[in-house]
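In what follows, a structure is listed as structure tokens, so that the remarks can point back to it.
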Amino acid sequence: SPSQTPTPLPEGARNPWRSTEVTVGVDGSARPNRSFVGLVEAAVAYWNGPGRANATYPVTFRVVPNATDPDVLVVVKEAVECADHEDVLGCAPRLSADSRPPRPVIVEVAAGFSDATTQRTVEHELGHVLGIRHGEPPLPLMEARFAAATLPATDAVNKSNPWTTPDLRVYVDYANATADRDTLAFQLARAVEYYDAGAEGHVPANTSFALVENRSAAQIVVRFNVDREGCSTDAPRSCGSQRGFDPDRDGALEYYTSATVVLNGLDA
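This note's numbering numbers the first residue of the sequence shown as 2 and each following residue consecutively.
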């Protein structure tokens, strides 16, 4: 018997959905007080425009935020799980023109990040949906890693305890000290006890301070007579510096992980 001739696909429809237009829904219920629609629209505009040439198959996305039966659904989640990967910003399947995915194709995006990071994450994950692997054009968008920024967070200087732990340990490096070591040890022990007791209300009640003999066990290191930028030895002075995290990338630390206190000419 004669075979039936397949109906040719419309131009631009050789994609997993066999449609010239693919509906993208948005589920931002994890953060009901924040709208993600504009960020998804901006990400879609990239792939409908300058990014289109890099897609492995032709498609035009159309954002319908509350679509009841979308082809692709962008879901904002508090925590994204993606195969064996942890602490990821997003997750989506990599499709080809011949894929037959279930509807909707789920694109997961982590909540709690800045608008710029969220938009870039949606763009990146849609790149996978369009068949693009890590390290393939367009770059740097499709690189496996990029510097993400959280939503604006309280800076460390404005927190009652800016440390990542309530149990702070102090190590004293006596290498350059010129005063009697026993005298210094006594004075520093009293200082640590003062902070451990709350420093007259300036330290939160659940924060502890203690001296340790192992430098690697300490968050805070006290040093003597160290000539460093902003803390020279030409006059008696004390200086401090901190290291930590800046997850919102505003240039100010939100958490401290270590600190150095330098006492120059004050060790008597």
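All residues carry an ideal CB built from backbone N, CA and C; glycine is no exception.
Should Val-64 and Val-106 be called a contact, given that it needs their Cβ atoms to be closer than 7 angstroms? It is not a contact, given that the beta carbons lie outside the stated cut-off.
Let me know the secondary structure DSSP gives Thr-6 once reduced to three states. Bear in mind that the predicted position of Thr-6 carries a pLDDT of just 48, short of 50, making it unreliable; the figure below should be weighed with that in mind. In the structure shown, Thr-6 sits in coil (DSSP, three-state: anything other than H, G, I, E or B).
Using the beta-carbon count (16 or more within 10 Å), is Leu-131 buried or exposed? Using a 10 angstroms sphere on the CB of Leu-131, the tally of other CB atoms reaches 16 or more, which defines it as buried.
Trp-18 by DSSP, collapsed to three states: which one? Coil.
Pro-248 versus Leu-254 - alpha carbon distance: 8 angstroms
So the candidates are Ala-80, Ala-98, Asn-49; which of them puts its Cα closest to the Cα of Arg-15? Ranking Ala-80, Ala-98, Asn-49 by Cα distance to Arg-15 puts Ala-98 first.
Ala-98 - DSSP class collapsed to helix/strand/coil: coil
Identify whether Tyr-257 lies in helix, strand or coil by the three-state DSSP scheme. strand
Does the distance from the C-beta atom of Phe-114 to that of Thr-151 stay below 7 angstroms? A distance below 7 angstroms separates the beta carbons of Phe-114 and Thr-151.
Buried or exposed (CB count within 10 angstroms, at least 16 for buried), Thr-8: Because Thr-8 carries a pLDDT of 48, less than 50, the predicted location of this residue cannot be relied on, and no value is offered for it.
Going residue by residue through the stretch 48–93, where are the continuous beta strand (DSSP E) segments of at least 3 residues, counting only ones entirely within it? 62–64, 73–78
What does the alpha-carbon distance come out to for the pair Asn-265 and Gln-188? 15 angstroms
Decide yes or no for the touch test of the stretch 193–205 against the stretch 229–241: beta carbon pairs closer than 8 angstroms, at least 3 of them. Output reads no: the stretch 229–241 does not touch the stretch 193–205.
Helix, strand or coil for Phe-210, going by three-state DSSP, please let me know. Strand at Phe-210.
Nonlocal neighbours in the same chain, by C-beta distance under 8 angstroms from Asp-28, ignoring five residues either side: Leu-74, Val-75, Val-76, Val-77
Any chance the CB of Cys-92 is under 6 angstroms from a heavy atom of the ligand SAH? In the structure on display, the ligand SAH does not appear, and there are no ligands present to speak of.
Whose C-beta lies closer than 6 angstroms to the C-beta of Ser-2 among residues of the same chain, with five residues either side of it excluded? Annotation note: pLDDT 43 at Ser-2 (below 50); position unreliable, coordinate value reported separately. Closer than 6 angstroms at the Cβ level, and outside the excluded window around Ser-2, lies no residue.
Which same chain residues end up closer than 6 angstroms to Ser-259 when comparing Cβ atoms and leaving out the 5 residues on each side of it in sequence? Within the same chain, and ignoring the five residues on either side of Ser-259 in sequence, the residues whose Cβ sits closer than 6 angstroms to its Cβ are Gln-220, Arg-244.
Taking the straight line between their C-alpha atoms, what separation do you get for Cys-83 and Leu-267? 54 angstroms
Does the separation of the CB atoms of Thr-165 and Tyr-256 fall below 7 angstroms? yes
Rounded to whole angstroms, what's the CA-CA distance from Pro-103 to Trp-18? Just pull it up for me. Roughly 10 angstroms separates the two Cα atoms.
Provide the residue span of the alpha helix (DSSP H) that contains Ala-117, from first to last. 116–130
So, with DSSP's three-state summary, where would you put Asn-177? In the displayed model, Asn-177 falls within coil according to three-state DSSP, outside both helix and strand.
I need the straight-line Cα distance from Arg-35 to Asp-116, nearest angstrom please. 10 angstroms
Apart from the five residues on each side of it in sequence, which residues of its chain come closer than 6 angstroms, Cβ to Cβ, to Val-213? Arg-170, Tyr-172, Ala-219
When DSSP labels each residue in this structure, what does Leu-185 get in the three-state scheme? helix
Tell me Gly-241's beta-bridge partners as DSSP assigns them. Val-262
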